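Line by line, the protein sequences are chains U and X.
So for the first sequence, the numbering used here puts the first residue at 581; every next one is plus one.
So for the second sequence, the numbering used here puts the first residue at 392; every next one is plus one.
Built from N, CA and C at the ideal position, the CB exists for glycine as well.
Here the structure is a predicted model, which means the values were calculated and not measured.
Report on the structure given below.
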Amino acid sequence: MPKTWRMPMLLAASYYFYMSWMPAFILLIIGMTLFNWLWGNLLAKAGEQKKLFFALGIAANLLCLGFFKYTNLLLDSIASGWHADIILPLGISFFTFEFIHYLFEIYRGNKPMKSLVLFALFAAFFPTQIAGPIKRYPDFQAQMLAETKLRLSHFDEGIPLIIIGMAKKLLLADNLATFVQMGLADPHVYGAPELWLFAYAFAFQIYFDFSGYTDIGRGSAMLFGYHIPINFNMPYIARNIADFWHRWHISLSTWLRDYLFIPLGGSRNGRLATHRNLFLTMALGGLWHGASWNFLVWGIYHGLALILHKEFTLWKETKVALKQALASKLGNLLSILLTFHAVCIGWVFFRVQDINQAFFIVKRMLTFSPLMTKLEAGHLLILKPELPVIVPVVIAMVAFLLAANLPVSFASERGWFRKAPAPLKAVFCTLLILCMITFMPDKNPPFIYFQF
Amino acid sequence: MEETPKKQSLIRRLCGSTLLWIVLFLIAFDCFLISVRPLQYVQVRGLLTADQEPLNDKLESLYSAINKPNMIILGSSLPMHACFEADWLAANKPQWPTNYISRHTGSEYLNSLFSKNFAQPIHGYNLGMPACMISDSEEIFKDVLAHKIKPKILLITVAPRDFIDNMAQPVGNSRYSRFFADRRDGLNLSLAKKAEENTEELLNHAWRFFKVRADYSRTIEFIVCSSLGRASNIFNAATGRGYKRDQLSEITQGMTTAPYQDPEPGTRSASDDLVVYRKRYLPFNEKRLSTELNHLNALLAMARQNNILPIVVSMPIHPQNLALLSNLEQDKTFASIAQVCADNNTRFINLSDSNNYANNDFSDSVHLRSQASKRFFDELISALETDSTFSPQLSQLCSNNSKRIASK
């Protein structure tokens, strides 16, 4: 295909992809694209009015996002039960953040994109349109302008990524989802160990669900010769909560750092201001996930955890013995386990929409009370033989994932899969395809992050 | 000389391509599945995998046969068992595997009777299928004709269940209808369909494993459920339909395909069988009877149009089984069948209440044991012999055939 046709064709395909969900919303994405492209060009030439133009541009984007996302929360807060029939457009949180990033960068002195087609493609690029990763335009623009040809090597890299992503979603996340759903349907009957098990299962479900989507997106982009940055870097081997946010949903956490935490003042204005900024950034980050109190609580929980970690780090500096102990192998392992469990508690708030119920579950998990909910002597409820086979299968799966988390991560860190010979990689991918097709559930829930 | 390095680098590039290796492995795996059909060695109660579908085997071997049969036997598992049992006994109880019952296409004993009593070379082909309704038989026969196979005789065996089974799927949705629907040749892609439906259609045609994936998942699910003694899903768990550990032995039995042995009388428990048949028969489904009679009518008409001689024979069944139907219901069923046969100028031989069969002749309430199967075919031939018009008709049909072969 001639080079001049490639971008318009890719744009048309991306719009067609978006329209396959709900055609009317294509007008929204086209409208926002036109506005931000024009506004970006005006902002670049605004001179003294730059700050005002910038603020108006950001406000317009936030208003649009807020209307679709938070109107119902607002109405419900005013009067319980008030509700408006507003459908949340797919991917709006992601492409709005890309637009805000664009305006920020123009405001900071970067050049606006001249080509409307390229700008539209930046926002609508189908592999990342629905659930990210949130792209950065200078990097993506460079790739769009570069000469890209159809190459077998792109397929060799892209197809295994797509297969791995699909296996994460269909084989692991969706089977774990059935188990999590069963547990959270009536958490009151379960004891602490069972609730921890559900939390572990959800931790892996959301990881495989979201990182699976990202892998599919990255793989699809790679088929066209585009390299999308990674969004996950083995988050469950994080050594502390700050480390976790360097490894989890990287494109969002860096966006929040660059366009919320730093503009709020970052860590430049002393300890208290830093804590305030951390708290606000994470609370708003939580709310970004959805118009629901549980997401706000999840964000606040992570904000507080980050503050606590920062204070602990400062305190630790004065305790040499403790510092050495934590730097040891055992210390590292304990740090990883502690961080993982702290993250799991956070996931309860993320998953359980009823905030009272979420607090109830967390209370049981933390107090280990009751330790066992016995229906029959000597039995954890979850091991009752009357429960379906998915229960022991998932328990085994979670146990394996917990045990394999570290070795797999080390293997991944060393790039064992990437460096393996092609036939070996193909055997692995073929086995994944066969397992996926055999064991995927009859009904597959949509990706969790599609709702955001 | 200069082109060699280029070629080498291309080969090396192809060998280093993960994508090509994946495609290669998937094709190889599919070829393995098609040639070995591993699930035929597994026996799971309530699950008939595509690898085990006897209709597929029987039709494939019929269509690929060099010597096409001149008699087709249609019906349910009753004639299927009878042909197998009689042939097995006539062949002096050879070591045939148990799962061969549903794949046995011969009717050697019946052929020998035709040869002995009518001096005609009849080569019968047993297309009896488990739980086959008359509407299914019609569909099977349509497929046979569509493959340009025109026998001289069409032997249709019937029993009351074939017309009124309450447990049977509606016409057009039976296991055999679905088999034919799935087996259709062309790709049925359409813009009117959803993208996922088209993808499914394409993958079903392109990749055997995708088509039979549910068989594998259900078999593995059964093995896991049985090993752990748990139900497969929440619904089954709630309704107490969990798999039990003792069922695991059934799978291994299926894998060994032990040699067939004549079952003891009532091995399949006639009383259990009667409980099931009560559900099949009652309440008496007149609407289904009428529908199936229409299909019988169509089947006979189709045979007549193709100059095929149809014979309808009602199989002997256990008196207790027959007694599940009231006299009125029995009369209505058999009188209607007889009427349809008469309308199509077809011979109807009713052996359903024959006095020649005792309790010991049935392995359950419907299936004949080996000696009784031979006796059934003897009785059938005797009934045909008493009909003075049959022998000349048969001779004429066979001579037409010989003349046609000679003229070719």
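Can you find a C-beta in chain U that's less than 9 Å from the C-beta of residue i?
i                : result
alanine 714/X    : no
leucine 593/X    : no
glutamate 588/X  : no
leucine 415/X    : yes
glutamate 770/X  : no
isoleucine 540/X : no
threonine 647/X  : Summary for threonine 647/X: the model assigns pLDDT 47, below 50, so the residue's position carries little reliability, and this model does not support an answer.
valine 615/X     : yes
Spell out the partners DSSP gives residue i in its beta bridges.
i                 : result
asparagine 676/X  : According to DSSP, which records beta bridges pairwise, asparagine 676/X is partnered with nothing at all.
threonine 834/U   : According to DSSP, threonine 834/U bridges with nothing at all.
leucine 759/X     : Phe753/X
serine 705/X      : Val549/X and Asn741/X
methionine 1016/U : Per DSSP, none; premise fails for methionine 1016/U.
leucine 700/X     : Ile544/X
leucine 465/X     : Ile547/X
glycine 799/U     : Per DSSP, none; premise fails for glycine 799/U.
Buried or exposed, going by whether 16 or more other CB atoms sit within 10 Å of the CB of residue i?
i                : result
isoleucine 457/X : exposed
tyrosine 596/U   : exposed
alanine 1006/U   : buried
proline 454/X    : Checking the sequence shown, residue 454/X turns out to be tyrosine, not proline. It counts as exposed.
valine 760/U     : buried
lysine 625/U     : exposed
aspartate 934/U  : exposed
glycine 689/U    : exposed
methionine 599/U : exposed
State the Cα-Cα distance for the pair residue i and residue j, rounded to the nearest angstrom.
i                   : j                   : result
phenylalanine 778/U : valine 928/U        : 9 Å
leucine 619/X       : glutamate 612/X     : 10 Å
cysteine 789/X      : threonine 489/X     : 35 Å
alanine 604/U       : asparagine 676/X    : 51 Å
proline 1003/U      : serine 528/X        : 49 Å
leucine 836/U       : lysine 943/U        : 30 Å
leucine 982/U       : lysine 748/U        : 15 Å
cysteine 644/U      : leucine 655/U       : 16 Å
leucine 501/X       : glycine 515/X       : 8 Å
alanine 984/U       : alanine 592/U       : 42 Å
glycine 497/X       : lysine 543/X        : 16 Å
aspartate 769/X     : leucine 446/X       : 27 Å
isoleucine 606/U    : phenylalanine 674/U : 15 Å
glycine 637/U       : threonine 613/U     : 12 Å
isoleucine 772/X    : valine 704/X        : 11 Å
leucine 750/U       : asparagine 1024/U   : 7 Å
Indicate whether at least one CB of chain X lies closer than 9 Å to the CB of residue i.
i                   : result
isoleucine 710/U    : no
serine 594/U        : no
valine 1007/U       : yes
threonine 893/U     : no
serine 800/U        : no
leucine 732/U       : yes
alanine 1002/U      : yes
tyrosine 598/U      : no
aspartate 736/U     : yes
leucine 782/U       : Note on residue identity: the sequence assigns phenylalanine, not leucine, to residue 782/U. Judged by the 9 Å Cβ criterion, phenylalanine 782/U is not in contact with chain X.
isoleucine 1013/U   : yes
isoleucine 1033/U   : Lying outside 581 to 1032, the shown extent of chain U, residue 1033/U is not represented and no answer is given.
valine 769/U        : no
threonine 584/U     : no
isoleucine 744/U    : no
valine 973/U        : yes
phenylalanine 778/U : no
isoleucine 1017/U   : yes
By alpha-carbon positions, which one of the options ends up nearest to residue i?
i                : options                                   : result
glutamine 723/U  : Ile1017/U, Phe699/U and Leu732/U          : Phe699/U
tyrosine 651/X   : Leu453/X, Arg760/X and Arg403/X           : Arg760/X
alanine 853/U    : Lys890/U, Trp619/U and Ser872/U           : Lys890/U
alanine 572/X    : Lys585/X, Asn595/X and Phe725/X           : Asn595/X
leucine 536/X    : Leu719/X, Lys602/X, Arg695/X and Asn736/X : Arg695/X
proline 551/X    : His758/X, Thr724/X, Leu580/X and Asp755/X : Thr724/X
methionine 462/X : Val433/X, Leu546/X and Phe423/X           : Leu546/X
Does any residue of chain A have a CB that is nearer than 9 Å to the CB of residue i?
i               : result
threonine 409/X : This model lacks chain A altogether, as its protein chains are U and X.
Cβ of residue i versus every heavy atom of the ligand FAD: is any distance shorter than 8 Å?
i               : result
histidine 472/X : No copy of the ligand FAD appears in this structure; indeed no ligand is present at all.
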